[in-house]
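First up is the structure itself, then whatever we jot down about it.
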Amino acid sequence: MIVFAAFTPHSPLLLPPIGKDARERMRQTITAMEGLGDELYASKPDTIVCISAHATQHDAAFSANMHDHYHVDMREFGDLTTTREFSSNPSLLDAIQRSVRHAGIPFTLDSDARLDYGSAVPLVMLASPLASVKIVPLSYSGLGPKEHFAFGRALKDLLVTRNERIAVIASGDLAHCLTSNAPAGFHPEGALFDEVARRSIESGLVSRLLTIDPNIVEKASECAYRPMLVLFGILENTRMEPEMLSYEAPFGVGYLVAQFHLS
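Here the sequence shown is numbered in the numbering used here, starting from 7 and rising by one per residue.
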């Protein structure tokens with residue numbers, strides 16, 4: 007059963023050894039993540055399914071990182087102190103790959119003990135008190151929006167039948183071009199994309215995301231669109247109340263934190 011669902015940013019700047027003083031400009035996001043961590047802890051998950059924008063990606067297939075354990079390693083960002091070990095859930099991962107393939111969705115497996123930062127940052131911030139929680143790291147693909155939504159629906163069909171408490175966390179940063187000093191420079195499409203994402207979260211409706219102009223998505227230089235679509239697929243026809251906990255763009259990149267309260 008699914009007991010928790012959320013969308014989070016994954017900027018390494020959120021971690022104290024990396025962000026340092028810059029974290030003061032991300033205070034809304036950090037406060038929202040702290041509250042979200044409390045909610046995750048209260049949901050008592052056995053396993054966290056992570057949908058990341060920075061794991062290994064395949065053009066024509068979705069994928070999972072299948073390993074017997076995982077570790078957080080942020081050395082590429084100059085952080086030698088942030089570490090964490092997570093156990094895998096091979097039973098759930100095997101059930102996922104069988105179920106989605108049976109649904110006709112292309113799916114493959116990779117294997118890497120090191121977690122990508124799209125999974126690592128949210129897990130470090132949210133799951134640190136959960137000493138025995140297992141994780142299943144998933145990655146999106148190069149396929150289209152409808153395929154990502156369908157992948158989420160196929161995941162839901164399996165997850166709701168499992169006799170274990172499952173949390174789902176999709177991570178991504180919104181437009182990377184909201185100001186002139188943003189990583190991708192300034193493009194007006196960035197604000198348009200973030201507005202669609204915010205309205206979709208607030209309403210709990212996926213229609214705007216599925217029909218957004220692909221040119222807007224491309225110009226936004228985002229890494230949130232497809233993880234968000236997968237999450238909406240998982241939540242389709244689920245009784246839930248969306249809550250956008252924060253949105254800010256202190257460095258020209260949109261950071262959004264949201265929880266979907268399940269009933």
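We put the beta carbon where it would ideally sit given N, CA and C, even for glycine.
For Leu198, the closest C-alpha among the options Ala126, Ser147, Ala173, Glu228 is that of Glu228. Sequence-distant partners of Lys162 (beyond 5 residues in either direction) whose C-beta falls short of 7 Å from its own C-beta, in its chain, are Gly239, Ile240, Glu242. In this structure, Val174 keeps its C-beta atom at 9 Å or more from the C-beta atom of Leu262. The beta carbons of Asp44 and Lys140 sit no closer together than 9 Å. Taking C-beta separations shorter than 8 Å and ignoring five residues to either side along the sequence, the partners of Leu215 in its chain run Pro151, Val202, Ala203, Ser206, Tyr231, Met234, Leu235, Phe238, following chain order.
In terms of Cα proximity to Met80, the closest of Ala126, Arg104, Thr114, Arg107 is Ala126. Nearest Cα to Ser17 within the set Glu208, Ala181, Val142, Gly210: Ala181. DSSP, reduced to helix, strand and coil, places Asp122 outside both helices and strands of the structure shown, so it counts as coil. The stretch 18-29 and the stretch 101-117 do not touch, with fewer than 3 CB-CB distances between them shorter than 8 Å. Rounded to whole angstroms, the gap between the alpha carbons of Val55 and Ile172 is 7 Å. Under a 10 Å Cβ-count criterion, Arg159 is classified as buried, with 16 or more other Cβ atoms of the shown protein chains found around its own Cβ. A straight-line Cα-Cα distance of about 42 Å links Ser93 and Pro194.
Ranked by Cα distance from Leu19, the first of Ser147, Leu121, Thr88, Tyr146 is Thr88. Boundaries of the beta strand (DSSP E) around Phe266: 261-268.
Going by DSSP, Ser134 is part of no alpha helix (DSSP H) at all; its letter is neither H nor E.
For Arg90, the enclosing beta strand (DSSP E) begins and ends at 89-94. Around the beta carbon of Ser252, 16 or more other beta carbons sit within 10 angstroms, so the residue counts as buried. When secondary structure is reduced to three states using DSSP, Phe257 falls in the coil class, being assigned neither helix nor strand. Shown here for Asn169: not one same chain residue has a beta carbon closer than 6 Å to its own, the five before and five after excluded. According to DSSP, Pro189 shares a beta bridge with no other residue.
Around the beta carbon of Met39, 16 or more other beta carbons lie within 10 angstroms, which makes this residue buried. Taking a C-beta distance under 9 Å as the contact criterion, Thr114 and Ala67 qualify as a contact pair. Within its own chain, the residues whose Cβ lies closer than 7 Å to the Cβ of Gly124, once the five positions on either side in sequence are excluded, are His16, Ser58, Ala59, His60, Ala61, Ser177, listed in chain order. With a cutoff of 9 Å on beta-carbon distance, Arg90 and His77 are scored as near each other. The beta carbon of Leu21 is closer than 6 Å to those of Thr88 in its chain, skipping five residues each way along the sequence.
The C-beta distance from Ala188 to Gly84 rounds to 21 Å, too long to meet the 8 Å contact threshold. With a beta-carbon spacing of about 6 Å, Pro256 and Met32 fall inside the 8 Å limit used to define contacts. The beta carbons of Ser117 and Gln63 sit about 15 Å from each other, so the pair does not count as a contact at 8 Å.
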